[in-house]
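Trainee:
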Amino acid sequence: MAEIATDELRKSEAEIMDASKSVFILGSVVGDLTIEEDAGSNDISLEGLQQELEECKADEVVANILSKGVKLREYTKGVENNLRQVELDSIQEYITESDNLVSLHDQIRDCDIILSQMETLLGGFQVEIGSISSDIKILQEKSLDMGLKLKNRKVAESKLAKFVEEIIVPPRMIDIIVDGEVNDEYLRTLEILSKKLKFVEVDPMVKTSNALKDVQPELERLRQKAISKVFEFMIQKLYALRKPKTNIQILQQSILLKYKFAISFLKEHGKEIYNEVRAAYTDTMNKVLSAHFRAYIQALEKLQLDIAGPTDLIGVDTRSTSLFLRGREPLKNRSAIFALGDRINILKEIDEPSLIPHIAEASSKKYPYEVLFRSLHKLLMDTATSEYVFCGDFFGEETVFYEIFSGPFAVMDEHFGTVLPNSFDAIGIMLMIRITHQHQLIMSRRRIPCLDSYLDKVNISLWPRFKMVFDMHINSLRNANVKTLWEDDVHPHYVMRRYAEFTASLIQLNVDYGDGQLDLNMERLKMAIDDLLIKLAKMFTKSKLQTVFLINNYDMTIAVLKETGPEGGKIQAHFEELLKNYTAIYVEELLLEHFSNLIKFVKTRACESMNRHHILCLLLIMSVKITEVDFLNAAEDPNGSDKPITVAEVEPLVKDFGSRWKAAIELMHSDVITSFSNFLCGMEILKASLTQLLLYYTRLSDCMKKIAGGSALNKDLVPISSIMYEIRKFRTF
Numbered sequence: 006m007a008e009i010a011t012d013e014l015r016k017s018e019a020e021i022m023d024a025s026k027s028v029f030i031l032g033s034v035v036g037d038l039t040i041e042e043d044a045g046s047n048d049i050s051l052e053g054l055q056q057e058l059e060e061c062k063a064d065e066v067v068a069n070i071l072s073k074g075v076k077l078r079e080y081t082k083g084v085e086n087n088l089r090q091v092e093l094d095s096i097q098e099y100i101t102e103s104d105n106l107v108s109l110h111d112q113i114r115d116c117d118i119i120l121s122q123m124e125t126l127l128g129g130f131q132v133e134i135g136s137i138s139s140d141i142k143i144l145q146e147k148s149l150d151m152g153l154k155l156k157n158r159k160v161a162e163s164k165l166a167k168f169v170e171e172i173i174v175p176p177r178m179i180d181i182i183v184d185g186e187v188n189d190e191y192l193r194t195l196e197i198l199s200k201k202l203k204f205v206e207v208d209p210m211v212k213t214s215n216a217l218k219d220v221q222p223e224l225e226r227l228r229q230k231a232i233s234k235v236f237e238f239m240i241q242k243l244y245a246l247r248k249p250k251t252n253i254q255i256l257q258q259s260i261l262l263k264y265k266f267a268i269s270f271l272k273e274h275g276k277e278i279y280n281e282v283r284a285a286y287t288d289t290m291n292k293v294l295s296a297h298f299r300a301y302i303q304a305l306e307k308l309q310l311d312i313a314g315p316t317d318l319i320g321v322d323t324r325s326t327s328l329f330l331r332g333r334e335p336l337k338n339r340s341a342i343f344a345l346g347d348r349i350n351i352l353k354e355i356d357e358p359s360l361i362p363h364i365a366e367a368s369s370k371k372y373p374y375e376v377l378f379r380s381l382h383k384l385l386m387d388t389a390t391s392e393y394v395f396c397g398d399f400f401g402e403e404t405v406f407y408e409i410f411s412g413p414f415a416v417m418d419e420h421f422g423t424v425l426p427n428s429f430d431a432i433g434i435m436l437m438i439r440i441t442h443q444h445q446l447i448m449s450r451r452r453i454p455c456l457d458s459y460l461d462k463v464n465i466s467l468w469p470r471f472k473m474v475f476d477m478h479i480n481s482l483r484n485a486n487v488k489t490l491w492e493d494d495v496h497p498h499y500v501m502r503r504y505a506e507f508t509a510s511l512i513q514l515n516v517d518y519g520d521g522q523l524d525l526n527m528e529r530l531k532m533a534i535d536d537l538l539i540k541l542a543k544m545f546t547k548s549k550l551q552t553v554f555l556i557n558n559y560d561m562t563i564a565v566l567k568e569t570g571p572e573g574g575k576i577q578a579h580f581e582e583l584l585k586n587y588t589a590i591y592v593e594e595l596l597l598e599h600f601s602n603l604i605k606f607v608k609t610r611a612c613e614s615m616n617r618h619h620i621l622c623l624l625l626i627m628s629v630k631i632t633e634v635d636f637l638n639a640a641e642d643p644n645g646s647d648k649p650i651t652v653a654e655v656e657p658l659v660k661d662f663g664s665r666w667k668a669a670i671e672l673m674h675s676d677v678i679t680s681f682s683n684f685l686c687g688m689e690i691l692k693a694s695l696t697q698l699l700l701y702y703t704r705l706s707d708c709m710k711k712i713a714g715g716s717a718l719n720k721d722l723v724p725i726s727s728i729m730y731e732i733r734k735f736r737t738f
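So the sequence shown is numbered by the working numbering: it starts at 6 and just counts up by one.
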């Protein structure tokens, strides 16, 4: 094969040499050839020449040729000669390198021989590698098979070891269960026994094993022995709860909870015995807690301070109440019937510890019922929280708590069933409603729902009782005997003071709650007191005394409402409006009493030309509060007459005023001081009266300037500045 390739290479080299020689001959021949122009040809067509020339302008070579003015034919001939020369040079170079080509051929032949030998050697290697790969594959399959067998044997060994460990009953475990005391070690052994019993009952493969037939009777005897011993132990611990003065919570937390697994063991492997233990604990705690709460309630009842009775109502005459009914009660406690006072502090002490009866009794201190109510429910909440958490941890059942507390709840219901029907303290009942609401929030924050239904029931029972007592107060006002209540005194009536204190107390208790139902009830009470107060006022024969009586009561009511803070709201605004109206009426009545002729003349005959700006300046100088409506009423005369005013008509008025105006003002001052209980209110009324008097007199003076011959009375007129000077004296009070 190599020889054939060598022969072919030699033939190709000979052909190349012959070709080169022919090229040289051809070159010499071609070099003598010339191309002549065929100038006489008639076949040349010049059509489209101009267009082609335009297209060739863009070509760089053509543009260069045309720019030099060279003829295309000559340029073409030169190009052809260059190409011919290049071709001849290439052939000459090939001939020169012929020896190198022969050497390259020899090298290629030697490489081919070596590669052939390598091919043979690699073919042998390939056969040997295929044989080794087959052996490795066989070994790999054997290895996988052995690994799988080993894994299966390990799994079988693990299951067998677990089975043996779970089903075997060690002698030590038997000794502890049968003869050991119930302690921490006993509980750990119970856990092991429980696992073995579960293993035997749950795994279906175990039930079919022969080993179980030997072990199961022993496991059953151990189960029965453990149940019996745990039952006796737990019953003994439960009896300890019945001992007097036992701290139940400490016993539960420090002893019983340590053995809660014993209860779990009974629950899983001895249901009937577990129910007996559960029933024993439930019955024990029910009786113990019921007795504790009953004793605590009896001790609290000795500390109770009676605040109100069925006759302690707003509209009831105190003189008609029998002295024997209140003979044992201090007078200072009766003020708490309608006034909240310090009783509201109970809401700030809502989470304080419960009262300890024997300590409170030793100090001979008495408490309103809401204090006892809070203390009792505080004890109930703490006890219920502790018991609820314990029952969840120890038994894992919430129903146990409700079975235990059925007794304490019955004791509480019995107590309130006795107390509420005899409670006539509306403020105390409202305080209990607020306390219950606060207790509900506390239990919600603790996330203990066990008292939700009980507290709801308490709240539901308190509201109807409050409504009934509240209606009793309203009816006492509606059905009050006016003649019996009337005292012929213009100072604030004790019924109105009761109402003011009672309303202020309820408003204060409703600040943070916004109870709409309570607002409606207080609106009804307000209407009832308004009617009664008007009836009492009408008992005075003089209109002025009626007005003074109403002003004093309204002013006192507003003062009491303001003491509770800025929460008076609509009720306070109502009485402020009434006070304003009756103050205006009293001012007119007071002035009519001393200056009736002057006022009558100004209202009926004074001209309307008074300078309003002048009047307003006077009011500002005296710092008198006056509305625009009052100003218009004072400066205008809607009932003016068309009949001309004469000097003779005005002269008596001027002289009368000049002769006694100072004395009249003193009398007015004395009258106000003695009529009104509130000195500040009286001074405001006196100031308003003097201001109104100044307005009337200013209108009279202004009217005289319009009367023919009125200047003759100027000497009798009192200067406005003098009147203002006297008025300023009363501003110092």
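No residue lacks a Cβ here, since even glycine has one placed at the ideal position from N, Cα and C.
Remember, it's a predicted structure, so these values are computed and weren't measured experimentally.
Under 7 angstroms Cβ to Cβ from Val405, same chain only, skipping five residues before and after it: list those, please.
Mentor: Excluding positions up to five away in sequence, the list reads Arg283, Thr287, Cys396.
Trainee: My parser needs the alpha helix (DSSP H) runs of 4 or more residues fully inside the region 422-502; what are they?
Mentor: 431-451, 457-483, 487-490, all fully within the region 422-502.
Trainee: Pick from Arg158, Leu722, Met501: whose alpha carbon is nearest that of Phe554?
Mentor: Selected option, being the one with the closest Cα: Met501.
Trainee: On the criterion of 16 or more Cβ atoms from any shown chain inside 10 Å, does Ile156 qualify as buried, or is it exposed?
Mentor: In the sequence as presented, Ile is not what sits at residue 156; that position holds Lys. Its Cβ having fewer than 16 others within 10 Å, Lys156 is exposed.
Trainee: Flag Arg299 as yes when its Cβ comes closer than 7 angstroms to any non-hydrogen atom of the ligand NAD, and as no otherwise.
Mentor: As far as ligands go, the structure on display features none, and thus does not contain the ligand NAD.
Trainee: Met561 and Pro497 - do their beta-carbons sit closer together than 8 angstroms?
Mentor: Yes; because the gap between Cβ atoms is below 8 angstroms, this pair is in contact.
Trainee: Work out the CA separation of Leu446 and Ile690 for me, nearest whole Å.
Mentor: Going from the Cα of Ile690 to the Cα of Leu446 covers about 50 angstroms.
Trainee: When DSSP builds the beta bridges, which residues end up paired with Gln697?
Mentor: Answer is none; Gln697 lacks a bridge partner.
Trainee: If we require 4 or more residues per run, which alpha helix (DSSP H) segments fall completely within the region 333-392?
Mentor: You should have 336-339, 350-353, 362-367.
Trainee: For the structure I just gave you, are there three or more beta carbon pairs, one from the region 262-277 and one from the region 226-238, closer than 8 angstroms?
Mentor: The answer is yes - the region 226-238 touches the region 262-277, with three or more Cβ pairs under 8 angstroms.
Trainee: How many angstroms separate the CA atom of Leu352 from the CA atom of Phe475?
Mentor: If you take the alpha carbons of Leu352 and Phe475, they lie about 21 angstroms apart.
Trainee: Kindly give me the distance between the Cβ atoms of Thr5 and Leu345, rounded to whole angstroms, as I take these residues to be in contact under 8 angstroms.
Mentor: The structure shown does not extend to residue 5, since the chain is modelled only from 6 to 738, so the question has no answer here.
Trainee: Would you report the Cα separation of Tyr702 and Leu514, rounded to the nearest angstrom?
Mentor: When rounded, the distance between both Cα atoms is 51 angstroms.
Trainee: Short check: CB of Glu492 to CB of Lys549, under 8 angstroms?
Mentor: Result no, Cβ atoms of Glu492 and Lys549 do not sit closer than 8 angstroms.
Trainee: Around the C-beta of His382, are 16 or more other C-beta atoms found within 10 angstroms, so that it is buried, or is it exposed?
Mentor: Buried, because 16 or more other Cβ atoms sit within 10 Å of the Cβ of His382.
Trainee: Identify every residue that forms a DSSP beta bridge with Gln513.
Mentor: BP columns for Gln513 are empty, so no partner.
Trainee: Determine, using beta carbons only, whether Thr388 and Leu294 come nearer to each other than 8 angstroms.
Mentor: Their beta carbons are under 8 angstroms apart, which means Thr388 touches Leu294 by this criterion.
Trainee: How would you call Gly135, buried or exposed, if buried means at least 16 neighbouring beta carbons within 10 angstroms?
Mentor: Its Cβ having fewer than 16 others within 10 Å, Gly135 is exposed.
Trainee: Look at Ala578 and Gly320 and say whether their C-beta atoms are less than 8 angstroms apart.
Mentor: Against a cut-off of 8 angstroms, the Cβ pair of Gly320 and Ala578 comes out as no contact.
Trainee: Whole angstroms are fine: how far does the CA of Glu581 sit from the CA of Ile563?
Mentor: Using only the alpha carbons, I get a separation of about 7 angstroms.
Trainee: Going along the chain, which residues of its own chain have a beta-carbon closer than 8 angstroms to the beta-carbon of Val659, five neighbours each way excluded?
Mentor: Cβ within range, chain order: Leu705, Met709, Leu718, Asp721, Leu722.
Trainee: Measure the alpha-carbon distance for Ile438 versus Gly570 and round it to whole angstroms.
Mentor: Roughly 22 angstroms between the two C-alpha positions.
Trainee: If distances are taken between C-alpha atoms only, which option among Asn558, Ser199, Glu281 comes closest to Glu237?
Mentor: Nearest option by C-alpha distance: Glu281.
Trainee: Which value, in whole angstroms, describes the spacing of the CA atoms of Thr651 and Ile712?
Mentor: Straight-line Cα distance between these residues: approximately 7 angstroms.
Trainee: Does the beta-carbon distance from Ser359 to Ser380 come in below 8 angstroms?
Mentor: For Ser359 and Ser380, yes; Cβs fall inside 8 angstroms.
Trainee: Would you list the residues sitting across from Gln309 in a DSSP beta bridge?
Mentor: Paired residues: Tyr372.
Trainee: Does the beta-carbon distance from Thr508 to Met532 come in below 8 angstroms?
Mentor: Contact: no.
Trainee: Measuring straight from C-alpha to C-alpha, what distance separates Leu261 and Ser428?
Mentor: The straight-line gap from Cα to Cα measures roughly 43 angstroms.
Trainee: To the nearest angstrom, how far is it from the Cα of Glu102 to the Cα of Leu88?
Mentor: Roughly 22 angstroms between the two C-alpha positions.
Trainee: Would you report the Cα separation of Leu456 and Asp536, rounded to the nearest angstrom?
Mentor: For Leu456 and Asp536, the distance between alpha carbons rounds to 45 angstroms.
Trainee: Under a three-way DSSP split, which group does Glu581 fall into?
Mentor: In the structure shown, Glu581 sits in a helix (DSSP, three-state: H, G or I).
Trainee: If contact is defined by three or more beta carbon pairs under 8 angstroms, each pair taking one atom from either stretch, is the region 368-380 in contact with the region 302-312?
Mentor: The region 302-312, when compared against the region 368-380, does touch it at the 8 angstroms Cβ threshold.
Trainee: I think Ile312 touches Phe400, with their Cβ atoms under 8 angstroms apart; what is that distance to the nearest whole Å?
Mentor: That pair is no contact at about 44 angstroms.
Trainee: Return the first residue and the last residue of the alpha helix (DSSP H) that Asn526 is part of.
Mentor: Its alpha helix (DSSP H) spans residues 521-542.
Trainee: Please state whether DSSP places Arg247 in a helix, a strand or coil.
Mentor: Arg247: coil per DSSP, three-state reduction.
Trainee: Shortest alpha-carbon distance to Leu523 belongs to which of Lys547, Met544, Ala589, Ile432?
Mentor: That would be Ile432, whose Cα lies nearest to the Cα of Leu523.
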